[in-house]
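These notes concern the structure reproduced below.
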Amino acid sequence: MENKQVKPPIKKGLWKPEEDLILKTYVETHGEGNWATVSEKSGLMRGGKSCRLRWKNYLRPNIKRGEMSQEEEDLIIRMHKLLGNRWSLIAGRLPGRTDNEVKNYWNTHLNKRCRTGKRKPTDPSNHQNGNDKYKSKKQCNSQTTSSTSPKSNPEESDGKKKEKEESTVTNTWIQDAQSMNYYIESPVMPVCNDAFVLNDEPFIAYWDSFVLFESFGL
DNA sequence: AACAACCACAACCGCTTCACA
DNA sequence: TTGTGAAGCGGTTGTGGTTGT
Numbered sequence: 001m002e003n004k005q006v007k008p009p010i011k012k013g014l015w016k017p018e019e020d021l022i023l024k025t026y027v028e029t030h031g032e033g034n035w036a037t038v039s040e041k042s043g044l045m046r047g048g049k050s051c052r053l054r055w056k057n058y059l060r061p062n063i064k065r066g067e068m069s070q071e072e073e074d075l076i077i078r079m080h081k082l083l084g085n086r087w088s089l090i091a092g093r094l095p096g097r098t099d100n101e102v103k104n105y106w107n108t109h110l111n112k113r114c115r116t117g118k119r120k121p122t123d124p125s126n127h128q129n130g131n132d133k134y135k136s137k138k139q140c141n142s143q144t145t146s147s148t149s150p151k152s153n154p155e156e157s158d159g160k161k162k163e164k165e166e167s168t169v170t171n172t173w174i175q176d177a178q179s180m181n182y183y184i185e186s187p188v189m190p191v192c193n194d195a196f197v198l199n200d201e202p203f204i205a206y207w208d209s210f211v212l213f214e215s216f217g218l
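Under full-length UniProt numbering, the first residue of the first sequence is numbered 1, with each subsequent residue one higher.
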C-alpha cells in the first residue's frame, strides 16, 4: 500500500520570474509538447496544464502584450458577434494575442460596453491615455508580434464543432452583420444575404470559418 | 492612515476533442 | 473499433493593485 510513489504537491498560484525562466529555458531547449514531463524534468512543481498555459500565454515568443489597438478591438467585437465565445478562433485572427487575453479583454472591457451600447471613441490619443488606470500593473513580459503556433489551427479542427454550434451562432449572425452594415461579397457567397438558408438549414453552418472570415474581409 | 469596494488580469478547473496504440 | 492519455478550450475563481470614503 505504502509503496505507491507519493507525488510531490503541485504548486499553484502566480508564477515567479525564476519559474518562468526555468520553464522558458526548458521549452527552448527541448521543445513544446509532453507537458506532463516538462513539469517533472524541469524541476518545476507545477502541473502540466499550468506549464502549458504559462508558456502559451506569456512565455512563448511573439506574444504581444499591452493595450489592444482600436483595430484589434473592433475585430474582437465583430468576430464575437459572428462566433460567440470562440476565443481561440478570435485570438487566431489577432497575431500575438492569446485566447485568454482576448477573453479577459472581452469580459472586462468590451462586454459591458457592448451591453450598454457605448463604443470607445476612435481618437487615438484616447487610446494611449484612456483606461490605463491599471496599465502599469502587470506588464512584465512584453514581446513583439507574429503568428500563432501552426499546430493549433483552430479553423481546421473546428468542423465538427460547427454542427453543435450552428443553432446558437448562425441564427443571428446575418442580422448582426446586416445591422453592422457589412456588405458580403465572396466568389462562393451569394450576393443576397437572404439566400443563406437551404431547406431550413442555415447554409453558413457548413462553411469553413475561413470562408466566413474572408467574406468579411477580416 | 485604514479599510472596503472595485477593477483587470492571471491562473485554475472541468469538460471536450484529438491522436495514437 | 475502442480505450486512454495529452492537449485544447471556455467558464470561473483568485490575486493584487487602485480608487474612494
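Backbone N, C-alpha and C fix where the C-beta goes; we use that ideal spot for every residue, glycine too.
Because the structure is a prediction, the values reported are computed rather than measured.
* **Contact check, Tyr26 vs Ser50, beta carbons under 8 Å** => A distance of 8 Å or more separates the beta carbons of Tyr26 and Ser50.
* Cutoff 8 Å; reference Met45; Cβ partners in own chain excluding five residues on either side -> Closer than 8 Å at the Cβ level, and outside the excluded window around Met45, lie Pro8, Pro9, Ile10, Lys11, Ser39.
* Return yes when the Cβ of Leu21 is within less than 8 Å of the Cβ of Glu73, no when it is not. => no
* Find out if the Cβ-Cβ distance for the pair Ile63, Ile76 is shorter than 8 Å. => no
* Asked: How many Å lie between Val102 and Trp87 at the Cα?
  -> 7 Å
* In angstroms with no decimal places, state the Cα-to-Cα distance between residue 219 and Leu83. => Outside the displayed range of the chain (1 to 218) lies residue 219, so it cannot be described from this structure.
* Asked: Is it the case that the CB of Gly66 approaches a heavy atom of the ligand PLP more closely than 7 Å?
  -> No copy of the ligand PLP occurs in the structure displayed, which carries no ligand at all.
* Asked: Can you list, in chain order, the residues of its chain whose CB lies under 7 Å from that of Asn85, leaving out five sequence neighbours each side?
  -> none
* Give the secondary structure of Ile52 by DSSP, where H, G and I count as helix, E and B as strand, and everything else as coil. => The displayed chain sequence assigns Arg, not Ile, to residue 52. Arg52: helix per DSSP, three-state reduction.
* Where the alpha helix (DSSP H) containing Lys41 begins and where it ends -> 35-42
* CB-CB under 7 Å to Lys16, same chain, minus the five flanking residues each way: which ones, in chain order? -> none
* Beta-carbon proximity check, Arg54 vs Leu14, cutoff 8 Å -> Contact: no.
* Apart from the five residues on each side of it in sequence, which residues of its chain come closer than 7 Å, Cβ to Cβ, to Gly47? -> Ile10, Ser39
* For my contact list, Thr98 and Lys56 are in at a C-beta cut-off of 8 Å; report their separation, rounded to the angstrom. => 6 Å
* To do: Leaving out five residues on either side along the sequence, give the residues of the same chain with a beta carbon under 7 Å from the beta carbon of Gly31.
  => none
* Which listed residue (Thr108, Glu19, His80) has its alpha carbon closest to that of Tyr58 -> If we check each option's Cα against that of Tyr58, Glu19 comes out closest.
* Asked: Buried or exposed: Gly33, going by 16 or more other Cβ atoms within 10 Å of its Cβ?
  -> exposed
* Asked: So, using beta-carbon positions, are Trp35 and Arg52 closer together than 8 Å?
  -> yes
* Asked: So what does DSSP say about Met68, is it helix, strand or coil?
  -> If DSSP states are grouped into helix, strand and coil, Met68 belongs with coil.
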